[in-house]
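*Asks:*
Protein chains in written order, with our numbering: chain A, 2 to 244; chain B, 2 to 244.
Encoded structure:
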């Protein structure tokens with residue numbers, strides 16, 4: 002892996018551009034010059050090498066030299082649908098889920114979710130965090146990050162997008178199955194992680210009517226972001242075995 | 002769980018004391034008064050209720066009312082022996098490992114470990130982080146956190162302390178066994194997580210001679226703290242099933 006890899010949403014031959022934070026990083030932080038070679042990724046499997054052709058005030062023009070498109074390995078996608086934790090705890094969740102190879106992160110507004118929005122420029126910041134985690138870990142697929150939505154809408158969207166997915170809900174109820182003892186096949190997995198105040202009866206019914214499986218992770222109640230990472234770790238480890 | 006739980010290393014009837022950060026928290030942050038009731042834990046399984054008897058300048062005197070000692074469940078202890086990551090990444094590792102119920106965190110100075118010490122007052126800070134994570138998660142057992150030491154010394158210490166433990170090493174080599182497919186019994190588990198630069202040949206030999214099992218977590222190289230948390234999540238989930 003090249004040390005200098007940049008995120009570029011639209012990589013196409015013969016010429017692409019970098020602007021915004023990525024251009025700033027190239028020009029002002031790394032102080033690369035025209036003629037230098039870099040790598041590009043688009044977060045959807047494209048990896049390219051490029052030559053820096055021109056450094057402008059607000060954009061960098063690149064000549065694409067070699068472009069490879071990796072197909073996503075669709076075997077068991079991992080979707081983390083999680084009550085938004087506050088500030089840096091959600092940033093951290095996004096960063097770590099990206100590293101672990103989670104396919105999609107869906108912030109859910111449960112009735113007891115305290116943090117109700119992604120904040121101004123929140124979605125843009127989340128994307129920057131995922132880009133940064135991709136760069137650090139060498140991943141070329143970036144998770145899709147949804148806008149926050151309520152449970153009903155999230156369930157509807159995810160059931161449409163992943164019709165044969167297994168739906169899991171983190172829960173410490175006595176009937177819960179430990180996640181590591183669950184038979185995990187090749188199906189997409191959607192893990193719901195509720196807010197610290199727990200699910201309401203209405204939300205429980207809604208999930209039950211979607212055939213959600215109650216699973217437990219440890220013998221203690223974990224913080225939202227810890228539970229999300231435990232789900233992601235366990236599911237990613239099982240999935241990557243199957244490849 | 003009482004909302005006001007404090008860490009007190011030496012809980013004994015009839016009277017105990019709080020000082021330092023815990024006294025400050027009680028007096029200046031929560032502004033509790035003499036006569037109020039609180040909970041105490043010592044991180045080693047003792048949980049007590051106490052009455053605030055006197056609030057002094059630098060210490061709080063407590064009358065212990067009810068004292069319960071939980072025995073540690075020794076079934077499969079989890080030990081995370083990890084190359085020290087920098088600053089807040091290690092803080093975060095300690096916090097999350099505490100939440101997940103890890104029994105011991107051992108910072109290891111591998112040959113390629115960049116961060117070579119815990120910093121001035123580092124050990125005290127690590128302890129505060131673990132105390133805080135215990136309070137938040139309601140755990141009454143706190144992980145033991147060792148002083149940083151080299152691999153040779155760490156191996157010797159841990160083999161003496163956990164003679165029948167299985168030793169695991171996070172590794173992406175082709176012969177690695179995925180952690181979730183490993184048969185995990187009731188034995189103590191020691192997971193070694195090397196530095197971002199990888200293990201040296203000498204270190205590999207040292208671990209091999211200790212019958213360490215190479216295990217992989219995902220198909221990508223994870224950051225040190227992410228690998229530690231993935232180990233902790235998977236081992237804790239398997240262990241807690243067995244209880």
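Even for Gly, the Cβ is constructed at its ideal location relative to N, Cα and C.
If I'm right that residue 1 of chain A touches residue 60 of chain A with Cβ under 8 angstroms, what's the distance once you round it to whole angstroms?
*Replies:* In this structure chain A extends from 2 to 244, so residue 1 of chain A is not present and cannot be described.
*Asks:* At what residues does the beta strand (DSSP E) containing residue 84 of chain A begin and finish?
*Replies:* Start at 1 with the first residue of the first chain, and residue 84 of chain A comes out as number 83. 79 to 84 is the span of the beta strand (DSSP E), which, as asked, contains residue 84 of chain A.
*Asks:* What whole-angstrom Cβ distance do residue 103 of chain A and residue 79 of chain A have, given they're in contact under 8 angstroms?
*Replies:* For the purposes of this step, residue 103 of chain A is identified with residue 102 of the first chain, where counting begins at 1. For the purposes of this step, residue 79 of chain A is identified with residue 78 of the first chain, where counting begins at 1. Right, their Cβ atoms sit about 5 angstroms apart.
*Asks:* Would you mind stating whether residue 192 of chain B and residue 101 of chain B have Cβ atoms separated by less than 7 angstroms?
*Replies:* Numbered from 1 along the second chain, position 191 holds the residue referred to as residue 192 of chain B. Numbered from 1 along the second chain, position 100 holds the residue referred to as residue 101 of chain B. Not closer than 7 angstroms, so no.
*Asks:* List, in order along the chain, the chain A residues whose C-beta lies closer than 8 angstroms to that of residue 97 of chain B?
*Replies:* Taking the second chain and counting its residues from 1, one reaches residue 97 of chain B at position 96. Those within 8 angstroms of residue 97 of chain B in chain A are 227 and 230.
*Asks:* Applying the criterion that 16 or more other CB atoms from any shown protein chain within 10 Å of the CB defines a buried residue, is residue 86 of chain A buried or exposed?
*Replies:* Within the first chain, residue 86 of chain A is the residue found at index 85, counting from 1. Classification of residue 86 of chain A: buried, given that the 10 Å Cβ count is 16 or more.
*Asks:* Which term fits residue 117 of chain A, buried or exposed, when burial requires 16 or more other beta carbons within 10 angstroms of its beta carbon?
*Replies:* By one-based count along the first chain, residue 117 of chain A stands at place 116. Looking at its Cβ environment, which holds fewer than 16 other Cβ atoms inside 10 Å, residue 117 of chain A is exposed.
*Asks:* Which of the three DSSP states, helix, strand or coil, is assigned to residue 99 of chain B?
*Replies:* As a first step, residue 99 of chain B is located in the second chain; it is residue number 98 there, counting from the start. Residue 99 of chain B: helix per DSSP, three-state reduction.
*Asks:* Quick one: does residue 103 of chain B have its CB under 7 angstroms from some CB of chain A?
*Replies:* Residue numbering aside, residue 103 of chain B sits at position 102 when the second chain is read from its first letter. For residue 103 of chain B, the answer is no, since every Cβ of chain A falls outside 7 angstroms of its Cβ.
*Asks:* So, does the CB of residue 172 of chain A fall closer than 7 angstroms to a CB anywhere in chain B?
*Replies:* Locating residue 172 of chain A in the first chain gives position 171, counting from the first residue. No, its Cβ sits nowhere closer than 7 angstroms to a Cβ of chain B.
*Asks:* Anything in chain A within Cβ reach of residue 137 of chain B, meaning under 8 angstroms, just list it in chain order.
*Replies:* In the second chain, counting from the first residue as 1, residue 137 of chain B sits at position 136. The answer, in chain order, is 224.
*Asks:* So who's on the other strand from residue 171 of chain B, going by DSSP bridges?
*Replies:* The count along the second chain starts at 1 and reaches residue 171 of chain B at position 170. Listed as beta-bridge partners of residue 171 of chain B by DSSP are B:216.
*Asks:* Does any C-beta atom of chain B lie closer than 7 angstroms to the C-beta of residue 235 of chain A?
*Replies:* Residue 235 of chain A sits at position 234 when you count from the first residue of the first chain. Yes, its Cβ sits closer than 7 angstroms to a Cβ of chain B.
*Asks:* One question on the structure: do residue 231 of chain B and residue 215 of chain B come within less than 7 angstroms of each other, judged by their Cβ atoms?
*Replies:* As a first step, residue 231 of chain B must be located in the second chain, where it is residue number 230. As a first step, residue 215 of chain B must be located in the second chain, where it is residue number 214. Their beta carbons are not under 7 angstroms apart, which means residue 231 of chain B does not touch residue 215 of chain B by this criterion.
*Asks:* What residues from chain A crowd round residue 71 of chain B, counting only those whose CB sits closer than 7 angstroms?
*Replies:* Taking the second chain and counting its residues from 1, the one referred to as residue 71 of chain B is at position 70. None at all; the shortest Cβ gap to chain A is about 12 angstroms.
*Asks:* Go ahead and label residue 131 of chain B buried or exposed: buried means 16 or more other beta carbons lie within 10 angstroms of its beta carbon, across all protein chains shown.
*Replies:* Counting from one through the second chain, the residue named residue 131 of chain B turns up at place 130. The residue is buried, with at least 16 neighbouring Cβ atoms inside 10 Å.
*Asks:* Using DSSP with H/G/I as helix, E/B as strand and the rest coil, what is residue 54 of chain A?
*Replies:* Mapped onto the first chain, residue 54 of chain A falls at position 53. Here residue 54 of chain A sits in strand by DSSP.
*Asks:* I'd like to know if the region 158 to 177 of chain B and the region 56 to 76 of chain B are in contact, where contact means that at least 3 CB-CB pairs between them fall below 8 angstroms.
*Replies:* no
*Asks:* Can you look up residue 138 of chain B in the DSSP assignment and give me helix, strand or coil?
*Replies:* Your numbering for residue 138 of chain B matches position 137 in the second chain. Residue 138 of chain B falls in the helix class under three-state DSSP.
*Asks:* Please identify the residue among B:239, B:151 and B:234 whose C-alpha is closest to the C-alpha of residue 226 of chain A.
*Replies:* Within the first chain, numbered from 1, the residue matching residue 226 of chain A stands at position 225. Per the C-alpha coordinates, the member of B:239, B:151 and B:234 positioned closest to residue 226 of chain A is B:234.
*Asks:* Report the neighbours of residue 100 of chain B on chain A: residues whose CB is nearer than 8 angstroms to its CB, in chain order.
*Replies:* As a first step, residue 100 of chain B must be located in the second chain, where it is residue number 99. Under the 8 angstroms cutoff, chain A gives 221, 223, 224 and 227.
*Asks:* Return the residues of the region 133 to 161 of chain B that lie within a Cβ-Cβ distance of less than 8 angstroms from chain A, sorted by chain order.
*Replies:* 137, 138, 139 and 140
*Asks:* So what does residue 192 of chain B bridge to, in DSSP terms?
*Replies:* Numbered from its first residue, the second chain carries residue 192 of chain B at position 191. DSSP output for residue 192 of chain B lists B:81 and B:169 as bridge partner(s).
*Asks:* With DSSP as the reference, please indicate the residues paired to residue 179 of chain A in a beta bridge.
*Replies:* Locating residue 179 of chain A in the first chain gives position 178, where the first residue counts as 1. Answer is A:217, bridged to residue 179 of chain A.
*Asks:* Once the 5 residues before and after residue 151 of chain B are set aside, which same chain residues still bring their CB inside 6 angstroms of it?
*Replies:* What you label residue 151 of chain B is simply residue 150 of the second chain in a count that begins at 1. So the qualifying residues of the chain are 110.
*Asks:* Residue 12 of chain A and residue 31 of chain A - do their beta-carbons sit closer together than 7 angstroms?
*Replies:* In the first chain, the residue the question calls residue 31 of chain A occupies position 30. In the first chain, the residue the question calls residue 12 of chain A occupies position 11. In this structure, residue 12 of chain A does not lie closer than 7 angstroms to residue 31 of chain A by Cβ.
*Asks:* Taking only the alpha-carbon atoms, compute the straight-line gap between residue 144 of chain B and residue 229 of chain B and give it to the nearest angstrom.
*Replies:* Position 143 of the second chain, counted from the start, is the residue given in the question as residue 144 of chain B. Position 228 of the second chain, counted from the start, is the residue given in the question as residue 229 of chain B. Going from the Cα of residue 144 of chain B to the Cα of residue 229 of chain B covers about 14 angstroms.
*Asks:* CA-CA distance, residue 182 of chain A and residue 76 of chain B?
*Replies:* The residue you call residue 182 of chain A lines up with position 181 of the first chain. The residue you call residue 76 of chain B lines up with position 75 of the second chain. Cα to Cα, residue 182 of chain A sits roughly 18 angstroms from residue 76 of chain B.
*Asks:* Determine the direct distance from the alpha carbon of residue 155 of chain B to that of residue 222 of chain B, and round the result to whole angstroms.
*Replies:* In the second chain, the residue the question calls residue 222 of chain B occupies position 221. In the second chain, the residue the question calls residue 155 of chain B occupies position 154. Rounded to the nearest whole angstrom, the C-alpha separation of residue 222 of chain B and residue 155 of chain B is 24 angstroms.
*Asks:* From which residue to which residue does the alpha helix (DSSP H) around residue 201 of chain A run?
*Replies:* Within the first chain, residue 201 of chain A is the residue found at index 200, counting from 1. That residue, residue 201 of chain A, is in no alpha helix (DSSP H); it is neither H nor E in DSSP.
*Asks:* Output needed for residue 196 of chain B: all residues of its chain with C-beta closer than 6 angstroms, excluding positions within five of it in sequence on either side, in chain order.
*Replies:* Your numbering for residue 196 of chain B matches position 195 in the second chain. Cβ neighbours of residue 196 of chain B beyond the five flanking positions: 84, 111, 113 and 114.
*Asks:* Can you list the residues of chain A that residue 265 of chain B reaches, using a CB-CB cut of under 8 angstroms?
*Replies:* Here chain B comprises residues numbered 2 to 244, so residue 265 of chain B is not present and cannot be evaluated.
*Asks:* List the residues of chain B that residue 181 of chain A touches, going by C-beta distances under 8 angstroms, in chain order.
*Replies:* By 1-based counting over the first chain, the position of residue 181 of chain A is 180. In chain order: 181, 235, 238, 239 and 242.
*Asks:* Between A:165, A:239 and A:184, which has its C-alpha nearest residue 212 of chain A's C-alpha?
*Replies:* By one-based count along the first chain, residue 212 of chain A stands at place 211. Ranking the options by Cα distance to residue 212 of chain A, first place goes to A:165.
*Asks:* Using a Cβ-Cβ cutoff of less than 8 angstroms, which residues in the same chain neighbour residue 178 of chain B once the five nearest sequence positions on both sides are dropped?
*Replies:* Start at 1 with the first residue of the second chain, and residue 178 of chain B comes out as number 177. Cβ within range, chain order: 214, 215, 216 and 217.
*Asks:* Under 9 angstroms Cβ-Cβ, which residues of chain A neighbour residue 218 of chain B?
*Replies:* The sequence position of residue 218 of chain B within the second chain is 217, counting from 1. The answer, in chain order, is 101, 234, 237, 238 and 241.
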